[in-house]
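Colleague: Here numbering that gives the first Met the number 0 is used: the first residue of the sequence shown is 0, the next is one more, and so on. Glycine included, every Cβ here is placed at the ideal spot set by N, Cα and C.
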Amino acid sequence: MSMFINKELYAVKASRRRFDIAKRKSDKADEQLKINSKLLIASPVGVLAFFSIGAYKGATTDSPPSRRRQAIVTFLRTVLIKFLA
0 MSMFINKELY
10 AVKASRRRFD
20 IAKRKSDKAD
30 EQLKINSKLL
40 IASPVGVLAF
50 FSIGAYKGAT
60 TDSPPSRRRQ
70 AIVTFLRTVL
80 IKFLA
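1. Assuming the contact rule is C-beta atoms closer than 8 Å, T73 and G53 should be a hit. Round their C-beta distance to whole Å, please.
2. For K22 and D61, I'd like the C-alpha separation in whole angstroms.
3. Enumerate, from N- to C-terminal direction, the unbroken alpha helix (DSSP H) stretches of 4 or more residues contained entirely within the stretch 19 to 62.
4. Taking the CB atoms as reference points, tell me whether K81 and A41 lie closer together than 7 Å.
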């Protein structure tokens, strides 16, 4: 009887080790994704893309002054975040 219990306990420990390894890999991948996202958004291409989208929305809306202000604020906020981060 003891042999079967030991075998099951070993299987539980092995499963726990595999879970811990998977969790560490997942956490590392999550951190890398966050870093890569910040780098993409704060890159000149990312800032230009967001500014261009805001400028396009501002040019094609019924109330362009408010959209232009929103685009400029978004651009400045992104630049400020890049320098602070």
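Modeller: By the coordinates alone:
1. 5 Å
2. When rounded, the distance between both Cα atoms is 50 Å.
3. 43 to 58
4. yes
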